[in-house]
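First the structure, in the form of C-alpha cells, and then the observations on it.
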Amino acid sequence: MSNSSICISCRKPKAETDCGVCGEGICRKCRLFQPEGSFSYWSEPLAPELTHVNYCGGCFDAHVGPFKARYDELMDAARKINVFYKDSNSLFRIIRKSVRMLEVSEVTDRDDLVMRMAFMTAIAGYNSLVDVEISSKKVRNEGYQTQVWSGRGWSADIKSKETASFD
Ligand SMILES: [Zn+2]
Ligand SMILES: [Zn+2]
Numbered sequence: 005m006s007n008s009s010i011c012i013s014c015r016k017p018k019a020e021t022d023c024g025v026c027g028e029g030i031c032r033k034c035r036l037f038q039p040e041g042s043f044s045y046w047s048e049p050l051a052p053e054l055t056h057v058n059y060c061g062g063c064f065d066a067h068v069g070p071f072k073a074r075y076d077e078l079m080d081a082a083r084k085i086n087v088f089y090k091d092s093n094s095l096f097r098i099i100r101k102s103v104r105m106l107e108v109s110e111v112t113d114r115d116d117l118v119m120r121m122a123f124m125t126a127i128a129g130y131n132s133l134v135d136v137e138i139s140s141k142k143v144r145n146e147g148y149q150t151q152v153w154s155g156r157g158w159s160a161d162i163k164s165k166e167t168a169s170f171d
C-alpha cells in the first residue's frame, strides 16, 4: 500500500491512518493506539476525543493521557473498595452513605459486575459497598444457555478493619 501523505509527527511520507481527533495523517510508528473498550468501566458518556483508536502524539497527550491517568487511579481505588454483602455479619460502622442505591444489571461476569459497582463507588468517593445483593438469571443466547448477573447496593464510607473482598 503506497500512501504519500505526510505523518504529522515524523514528517515522513508514510502516514497510513488519520488521528481521530485532529484528522492529520499519522504513520504506523508514530501512531498511538488506544484499544476500543479501554475505558469500559466509565459509566458516563465519554468525551468524543476519548472514543478514537488512533491518535497522534499531541492529541494523545492532550486528551487521552490525562484521562487515562485518572481512570487508572479510579481502577486502583475500585480494587480497594470493601464489599459487604447483605447477609454479611461483619461489623462496621457507616459514616456516610450514598443517597441513591447503586444498581448494575445484566452483566455476563459476576466479578465484572462487582468491579463495575466498585468503580462507580470510587468515582463517587466512597470506600465501601454495603448491603450488596447479587442475583443471576439464565438467558438463552443463540442456543446456548448462559447467565447474566445483576447487583445492587449502597456506596458508603465505613469504619472497619476489614480488608477488601469480592466474595
Ligand atoms: Zn510518523
Ligand atoms: Zn491528532
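Count along the sequence shown from 1, add 4, and you get the number used in this note's numbering. Cβ coordinates follow ideal geometry from the N, Cα and C atoms, glycine included. As the structure is a prediction and not an experimental result, all values here were calculated from the model.
Would residue 108 be called buried (16 or more neighbouring beta carbons within 10 Å of its own) or exposed? Here the question's residue 108 lines up with position 104 in the sequence shown. Looking at its Cβ environment, which holds 16 or more other Cβ atoms inside 10 Å, residue 108 is buried.
So, is residue 155 buried or exposed, given that buried needs 16 or more other C-beta atoms within 10 angstroms? Within the sequence shown, numbered from 1, the residue matching residue 155 stands at position 151. If you draw a 10 Å sphere on the C-beta of residue 155, you find 16 or more other C-beta atoms in it, and that means buried.
For the beta strand (DSSP E) containing residue 152, list its first residue and its last residue. On the sequence shown, position 148 is the one that residue 152 refers to. Its beta strand (DSSP E) spans residues 148-163.
On the DSSP bridge list, what partners appear for residue 142? In the sequence shown, the residue the question calls residue 142 occupies position 138. As DSSP reads the structure, residue 142 sits in a beta bridge with 151.
What residue from 95, 81, 83, 130 has the CA that sits closest to residue 103's CA? Here residue 103 corresponds to residue number 99 of the sequence shown, with the count starting at 1. Nearest of 95, 81, 83, 130 to residue 103, Cα basis: 130.
Mind reading off the beta-carbon distance from residue 164 to residue 128? Whole number of angstroms is fine, and I expect it under 8 angstroms. Numbered from its first residue, the sequence shown carries residue 164 at position 160. Numbered from its first residue, the sequence shown carries residue 128 at position 124. Actually they are not in contact, since the Cβ atoms of residue 164 and residue 128 sit about 19 angstroms apart, beyond 8 angstroms.
Report yes if the C-beta distance between residue 139 and residue 151 is below 8 angstroms; otherwise report no. In the sequence shown, residue 139 corresponds to position 135, counting from 1. In the sequence shown, residue 151 corresponds to position 147, counting from 1. In this structure, residue 151 does not lie closer than 8 angstroms to residue 139 by Cβ.
Secondary structure of residue 10, DSSP reduced to three states: Stepping through the sequence shown from its first residue, residue 10 is reached at position 6. Three-state DSSP puts residue 10 in coil, outside helix and strand.
Report the residue from 51, 41, 161 whose alpha carbon sits nearest the alpha carbon of residue 135. The residue you call residue 135 lines up with position 131 of the sequence shown. In this structure, 161 is the residue among 51, 41, 161 with its C-alpha nearest to the C-alpha of residue 135.
Complete beta strand (DSSP E) runs within the segment 35-112 (minimum length 3 residues, chain order): The beta strand (DSSP E) runs of length 3 or more contained entirely in the segment 35-112 are, from start to end of the chain, 86-89, 97-101, 106-111.
With residue 44 and residue 124 assumed to form a contact (beta carbons below 8 angstroms), what rounded beta-carbon distance in angstroms separates them? Here the question's residue 44 lines up with position 40 in the sequence shown. Here the question's residue 124 lines up with position 120 in the sequence shown. Their Cβ separation, rounded to whole angstroms, is 13 angstroms, which puts residue 44 and residue 124 out of contact at 8 angstroms.
So is residue 147 buried or exposed if we call it buried at 16+ other beta carbons inside 10 Å? Numbered from 1 along the sequence shown, position 143 holds the residue referred to as residue 147. Residue 147 is exposed by the Cβ-count criterion.
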